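Residue numbers (my numbering), protein chains in the order written: chain A, 6 to 85; chain B, 29 to 375. Notes for the one structure printed next.
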Amino acid sequence: MEINQLHYELDARRMFCPMPVIRTQDKVNTLQVGDTLEVVATDPGVLSDIPAWCRINGHKILNTREVDDEVFVLVEVCDT
Amino acid sequence: MSQQRKAVALISGGLDSLLAAKVMLEQGIHVEGINFFTGFCVEGHTHAIRKQDKDKPKRNNALWSAEQLGIKLHIIDVVDEYKDVLINPKHGYGKNMNPCLDCKVFMVNKAKQWAEENDFDFIITGEVVGQRPMSQRKETMPIVSRESGADDRLLRPLCAKNLPPTLPETEGWVKRDEMYGFSGRNRKPQMALAAEFGFEDYAKPAGGCCFLTDESYSAKIVDLWDARGTREYEMDDIMLLKVGRHIRPAPHYKLIVGREDGENKFMQGYKNSFISLKTIGVPGPLTLLDGVATDDDLKVAAQITARFSQGKNAENVTIEARRTNGDTTTLDVKPMTAEEIKPEWYV
Chain A
6 MEINQLHYEL
16 DARRMFCPMP
26 VIRTQDKVNT
36 LQVGDTLEVV
46 ATDPGVLSDI
56 PAWCRINGHK
66 ILNTREVDDE
76 VFVLVEVCDT
Chain B
29 MSQQRKAVAL
39 ISGGLDSLLA
49 AKVMLEQGIH
59 VEGINFFTGF
69 CVEGHTHAIR
79 KQDKDKPKRN
89 NALWSAEQLG
99 IKLHIIDVVD
109 EYKDVLINPK
119 HGYGKNMNPC
129 LDCKVFMVNK
139 AKQWAEENDF
149 DFIITGEVVG
159 QRPMSQRKET
169 MPIVSRESGA
179 DDRLLRPLCA
189 KNLPPTLPET
199 EGWVKRDEMY
209 GFSGRNRKPQ
219 MALAAEFGFE
229 DYAKPAGGCC
239 FLTDESYSAK
249 IVDLWDARGT
259 REYEMDDIML
269 LKVGRHIRPA
279 PHYKLIVGRE
289 DGENKFMQGY
299 KNSFISLKTI
309 GVPGPLTLLD
319 GVATDDDLKV
329 AAQITARFSQ
339 GKNAENVTIE
349 ARRTNGDTTT
359 LDVKPMTAEE
369 IKPEWYV
């Protein structure tokens with residue numbers, strides 16, 4: 006990560022889709038190209054919905070993982 | 029070279045909006061999708077809550093549609109703004125608590141605002157004349173155009189040939205003869221067009237995508253409003269109406285009894301907002317008590333909780349009642365029989 010690129014976190018626990026997607030979208034819209042955003046959620050639907058939203062809108066999924074009942078999705082903001 | 033015109037498409041995730049957007053893309057229009065989350069959308073929530081739905085594919089059909097089309101999709105949270113649509117629908121409700129015409133006016137108006145803010149030229153929907161009894165009739169389509177403020181910038185590509193020409197047509201941005209004249213409830217023309225475009229596995233039209241068209245859900249909303257004496261609601265109310273058995277033994281309180289593990293787990297998140305009851309020593313539901321309860325009411329709630337536990341045939345079941353401040357009380361109760369739970373208690 007370059008010096009000007011920042012990492013953010015978004016807590017979407019206890020939200021159900023599409024709310025985590027909406028919160029991700031709204032946050033990403035405020036970030037700079039190259040910034041990363043890690044979303045943590047409890048609705049496993051984010052594992053399909055956030056990557057779908059990223060594919061549609063030109064952003065990159067760097068990683069997804071599940072830990073216990075929580076899901077983590079790491080998004081890189083791209084130039085769209 | 030002529031300027032490429034831009035349209036924002038209302039994308040519900042159903043077939044019609046998918047096709048309408050595709051028809052415009054075929055005409056060289058730049059299309060982006062918009063999808064409004066009212067809180068009453070069927071997709072998502074219950075699939076995530078109920079364990080029995082876990083095996084169903086978790087696909088947001090609006091996102092899927094946008095991906096098939098290769099367009100951007102903007103999902104907008106309108107939960108708060110939508111309250112006024114539901115509580116005060118100018119054109120009334122449909123068969124249940126569905127304010128379909130006001131809803132369509134609201135969404136087209138929101139899309140119009142978005143189009144203006146983002147320098148888009150017109151709005152498209154997948155509406156078809158005569159397809160829906162309330163919002164998609166020949167008489168109501170001009171109402172949507174007029175009351176939304178979109179006027180002749182609202183284009184319905186699937187039935188455009190049945191309607192007066194719109195601005196995109198008169199200005200030559202789109203070709204009227206390359207749009208369609210679908211009407212009525214017959215879905216075959218849309219299915220044929222989908223096949224022509226190569227769309228497969230699209231969401232099947234059945235029952236709509238809104239909880240407000242559901243009779244049982246609508247009854248629960250009316251009950252909630254009646255009990256509170258106000259038609260206000262919050263997102264948590266919407267969510268809780270989607271889960272559990274709703275039983276109202278008396279006007280001043282209601283029980284929400286989890287039906288399976290997924291719902292029980294979800295309802296645990298509300299233990300600090302409601303009195304909650306659970307069985308001790310035998311598997312059973314989590315019950316939330318919405319309202320004010322006397323000791324006698326708490327006993328009834330415990331007996332009903334026991335009724336839906338695996339101890340329903342036992343002489344006594346132990347129930348722990350937890351207040352919102354964390355204080356607990358233990359009750360040993362005889363489970364109610366099925367007959368003792370009056371049919372009119374079920375909301």
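Ideal placement from N, C-alpha and C gives every residue a C-beta, glycine not left out. Note that the coordinates shown come from a computational prediction; the quantities given were computed from them, not determined experimentally.
| message | One question on the structure: do L317 (chain B) and L283 (chain B) come within less than 8 Å of each other, judged by their Cβ atoms? | response | Position 289 of the second sequence, counted from the first residue, corresponds to residue 317 (chain B). Position 255 of the second sequence, counted from the first residue, corresponds to residue 283 (chain B). Cβ atoms of L317 (chain B) and L283 (chain B): closer than 8 Å.
| field | Nearest-angstrom beta carbon gap, V76 (chain A) and L52 (chain A) [assumed within contact, 8 Å] | value | For this step, residue 52 (chain A) is matched to residue 47 along the first sequence. For this step, residue 76 (chain A) is matched to residue 71 along the first sequence. Right, the Cβ-Cβ distance comes to about 6 Å (below 8 Å), so this counts as a contact.
| message | Looking only at its chain, what residues have a beta carbon closer than 7 Å to the beta carbon of C237 (chain B), apart from the 5 residues adjacent to it on each side? | response | The residue given as residue 237 (chain B) occupies position 209 in the second sequence. If we look at C237 (chain B) and ignore the five residues flanking it on each side, its Cβ neighbours are S40, G41, G42, C69, V70 and E71.
| Residues bridged to Q31 (chain B) (per DSSP) | Translated into positions along the second sequence, residue 31 (chain B) becomes position 3. Answer is none; Q31 (chain B) lacks a bridge partner.
| field | For I151 (chain B), three-class secondary structure by DSSP | value | On the second sequence, position 123 is the one that residue 151 (chain B) refers to. If DSSP states are grouped into helix, strand and coil, I151 (chain B) belongs with the strands.
| DSSP bridge partner residues for L11 (chain A) (one or two, in chain order) | Locating residue 11 (chain A) in the first sequence gives position 6, counting from the first residue. None; L11 (chain A) has no bridge partner.
| Cβ-Cβ separation, L38 (chain B) to A188 (chain B) (assumed contact under 8 Å), whole Å | Taking the first residue of the second sequence as 1, we reach residue 188 (chain B) at position 160. Taking the first residue of the second sequence as 1, we reach residue 38 (chain B) at position 10. Rounded, the Cβ-Cβ distance is 15 Å, inconsistent with contact.
| task | Determine, using beta-carbon pairs with one atom in the stretch 120-136 of chain B and one in the stretch 263-280 of chain B, whether at least three such pairs fall under 8 Å. | result | no
| query | Which residue or residues does DSSP assign as beta-bridge partners of C238 (chain B)? | reply | Counting from one through the second sequence, the residue named residue 238 (chain B) turns up at place 210. Looking at the DSSP assignment, C238 (chain B) forms a beta bridge with B:C69.
| field | Any C-beta of chain B under 8 Å from that of C59 (chain A) | value | The residue labelled residue 59 (chain A) in the question sits at position 54 within the first sequence. No, because no Cβ of chain B sits closer than 8 Å to the Cβ of C59 (chain A).
| request: Report the rounded CA-to-CA distance for L195 (chain B) versus W373 (chain B), giving the unit in angstroms. | output: For the purposes of this step, residue 195 (chain B) is taken as the residue at position 167 of the second sequence. For the purposes of this step, residue 373 (chain B) is taken as the residue at position 345 of the second sequence. If you take the alpha carbons of L195 (chain B) and W373 (chain B), they lie about 55 Å apart.
| field | Rounded separation between D108 (chain B) and R259 (chain B) - CA only | value | Position 80 of the second sequence, counting from 1, holds the residue named residue 108 (chain B). Position 231 of the second sequence, counting from 1, holds the residue named residue 259 (chain B). If I take the Cα positions, the gap works out to 13 Å.
| query | Can A48 (chain B) and L191 (chain B) be called in contact, C-beta distance under 8 Å? | reply | One-based indexing of the second sequence puts residue 48 (chain B) at position 20. One-based indexing of the second sequence puts residue 191 (chain B) at position 163. Result no, Cβ atoms of A48 (chain B) and L191 (chain B) do not sit closer than 8 Å.
| With a cut-off of 8 Å, does the C-beta of R87 (chain B) fall near any C-beta of chain A? | Translated into the one-based positions of the second sequence, residue 87 (chain B) becomes position 59. So yes, R87 (chain B) belongs to the interface.
| query | So, does the CB of D105 (chain B) fall closer than 8 Å to a CB anywhere in chain A? | reply | On the second sequence, residue 105 (chain B) is found 77 positions in, with the first residue counted as 1. Cβ-Cβ to chain A under 8 Å: yes for D105 (chain B).
| request: Have a look at V375 (chain B) and E243 (chain B) and give me their C-alpha separation to the nearest angstrom. | output: One-based indexing of the second sequence puts residue 375 (chain B) at position 347. One-based indexing of the second sequence puts residue 243 (chain B) at position 215. If I take the Cα positions, the gap works out to 11 Å.
| According to DSSP, what are the bridge partners of N63 (chain B)? | Counting from one through the second sequence, the residue named residue 63 (chain B) turns up at place 35. According to DSSP, which records beta bridges pairwise, N63 (chain B) is partnered with B:I103.
| query | Does the beta carbon of K100 (chain B) sit closer than 8 Å to a beta carbon anywhere in chain A? | reply | One-based indexing of the second sequence puts residue 100 (chain B) at position 72. Closer than 8 Å to some Cβ of chain A, the Cβ of K100 (chain B) qualifies, so yes.
| message | I'd like to know if E291 (chain B) contacts chain A, where contact means its C-beta is closer than 8 Å to some C-beta of that chain. | response | Here residue 291 (chain B) refers to the residue found at position 263 of the second sequence. Output row for E291 (chain B): interface = no.
| message | Quick check: the Cα distance between E348 (chain B) and T307 (chain B), rounded to an integer number of angstroms? | response | The sequence position of residue 348 (chain B) within the second sequence is 320, counting from 1. The sequence position of residue 307 (chain B) within the second sequence is 279, counting from 1. Distance between the alpha carbons of E348 (chain B) and T307 (chain B): 6 Å.
| query | According to DSSP, is K293 (chain B) helix, strand or coil? | reply | For the purposes of this step, residue 293 (chain B) is taken as residue 265 along the second sequence, with counting starting at 1. In the structure shown, K293 (chain B) sits in a helix (DSSP, three-state: H, G or I).
| task | Specify the secondary structure class of D360 (chain B) as computed by DSSP and reduced to three states. | result | Within the second sequence, numbered from 1, the residue matching residue 360 (chain B) stands at position 332. Correct three-state label for D360 (chain B): strand.
| said: In whole angstroms, give me the CA-to-CA distance for Q331 (chain B) and E288 (chain B). | reply: Position 303 of the second sequence, counted from the start, is the residue given in the question as residue 331 (chain B). Position 260 of the second sequence, counted from the start, is the residue given in the question as residue 288 (chain B). Approximately 18 Å between the Cα atoms of the pair.
| request: Starting from the beta carbon of I27 (chain A), find every residue of chain B whose beta carbon is closer than 7 Å, and list them in chain order. | output: Residue 27 (chain A) sits at position 22 when you count from the first residue of the first sequence. The contacting residues are F65, I103 and D105.
| said: In this structure, how does DSSP classify E43 (chain A) when only helix, strand and coil are distinguished? | reply: As a working mapping, residue 43 (chain A) is identified with position 38 in the first sequence. Three-state DSSP puts E43 (chain A) in a strand.
| request: Show which residues of chain B have a CB atom less than 7 Å away from the CB atom of D84 (chain A). | output: To locate residue 84 (chain A), count along the first sequence from 1; it is residue 79. Here the premise fails: no neighbours, minimum Cβ distance about 14 Å.
| said: Looking at L240 (chain B): is its Cβ nearer than 8 Å to the Cβ of N88 (chain B)? | reply: For the purposes of this step, residue 240 (chain B) is taken as residue 212 along the second sequence, with counting starting at 1. For the purposes of this step, residue 88 (chain B) is taken as residue 60 along the second sequence, with counting starting at 1. Not in contact: L240 (chain B) and N88 (chain B) (Cβ atoms no closer than 8 Å).
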